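Its first residue numbered 9, the sequence shown is counted upward by one per residue in this note's numbering. Ideal placement from N, C-alpha and C gives every residue a C-beta, glycine not left out. Since this is a predicted model, take the numbers as computed values, not measurements.
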Amino acid sequence: MNSLRQSAVAGTFYPADPAALSSMVETLLGVARAERSSLPSPPDVTSPDITPNAAVPKAIIAPHAGYAYSGIVAARAYASLAAARDRIKRVVILGPAHHYPLKGLALSSAAAFVTPFGQIPCDAKSTEILSKLPQVQELDAAHSLEHSIEVQLPFLQKVLDKFTLVALAVGDATTDDISEVLAALWGGRETLIVISSDLSHHLPYTEAKNMDTQTQRIIEAMDPALIGRERACGRVAMRGLLGLARVRRMRIETVDLCNSGDTSGDKDAVVGYGAWHFYEEDTNGAKT
9 MNSLRQSAVA
19 GTFYPADPAA
29 LSSMVETLLG
39 VARAERSSLP
49 SPPDVTSPDI
59 TPNAAVPKAI
69 IAPHAGYAYS
79 GIVAARAYAS
89 LAAARDRIKR
99 VVILGPAHHY
109 PLKGLALSSA
119 AAFVTPFGQI
129 PCDAKSTEIL
139 SKLPQVQELD
149 AAHSLEHSIE
159 VQLPFLQKVL
169 DKFTLVALAV
179 GDATTDDISE
189 VLAALWGGRE
199 TLIVISSDLS
209 HHLPYTEAKN
219 MDTQTQRIIE
229 AMDPALIGRE
239 RACGRVAMRG
249 LLGLARVRRM
259 RIETVDLCNS
269 GDTSGDKDAV
279 VGYGAWHFYE
289 EDTNGAKT
């Protein structure tokens, strides 16, 4: 690996100017942190209610639209990572391949991904691990225009210190394919898993709200078979995480649920956004 994967959507999905981007991301995270600090801790069991949690999640689902539309939802997904700022050293992101027909999952050959905040080195050891899995290939074309992974990066650069990146574009893959990849990269408390996905697309506001609420319940029930094409563009990676979360007896917290009609005001044809945290138990039964 000796190339750089340059930003494809700086200036469109988020500001290209570092100062403007910093101001936007810090403002969004500030709102999200204030909300979390003002609300009580949730009960120890999974609740359908949207509640905060002071623990640090092992995995998150976050949206990937332009920051003007889904930035506050993404910020609510990432705000809880502050407590692990020094601890998380590797981030694994799975995002759908919107622009390239892909079988399985694709890594980039780049040595680093670039945003207006600078370079994030790709994790060479993880690449070596993934090279042994038949569902993973190296394919730069799947990454060159892809926004689903890129839009997560400025938030991560703000909430974490130095970390390495495993960026996987996801195409046609089975739930077991994804679960196998995630299990191979799961690691310990130094590793964060991010699934990048929006929810329903281009439905009228009320219809979208109803569908996305159903999707929320499906995610909380860890039922990957029910995440269909109409529910989420990142459904393939979602299914893999949900399948593994069920096996690992993880706890899921719904952090936020809204759509572009809530953020832009246009309710004729909206896109849904959601944020979820996935927690695992340590050997003493405590949330980590």
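- Comparing alpha carbon positions, the residue from K275, R247, L153 closest to A105 is L153.
- Contact annotation: the region 171–180 touches the region 123–137, with at least three C-beta pairs closer than 8 Å.
- Annotated three-state conformation of G251 is helix, per DSSP.
- Under the Cβ criterion (8 Å, minimum of three pairs), the region 73–84 does not count as touching the region 245–252.
- Under DSSP, D264 shares a beta bridge with A283.
- Ranking I227, T123, H72 by CA distance to the CA of F286 puts I227 first.
- Residue pairing by DSSP places S187 in no beta bridge whatsoever.
- Counting other Cβ atoms within 10 Å of its Cβ, E238 stays below 16 and is therefore classed as exposed.
- Counting C-beta pairs closer than 8 Å gives three or more between the region 156–168 and the region 95–104, which meets the contact rule.
- Straight through space, the alpha carbons of D270 and K217 are spaced by roughly 10 Å.
- With a cutoff of 9 Å on beta-carbon distance, S205 and H107 are scored as not near each other.
- DSSP places R256 outside both helix and strand once states are collapsed to three, so it counts as coil.
- Looking only at N267, T223, A150, the smallest Cα-Cα distance to H210 is reached by N267.
- Residue state for V17 is assigned as coil, using DSSP reduced to three classes.
- Spanning the alpha carbons of R256 and A283 requires a straight line of approximately 20 Å.
- The secondary-structure analysis by DSSP pairs G103 across a beta bridge with A177.
- In this structure, the CA atom of A191 is about 39 Å from the CA atom of K275.
- Annotated as proximal: I203 and I68, with beta-carbon spacing under 9 Å.
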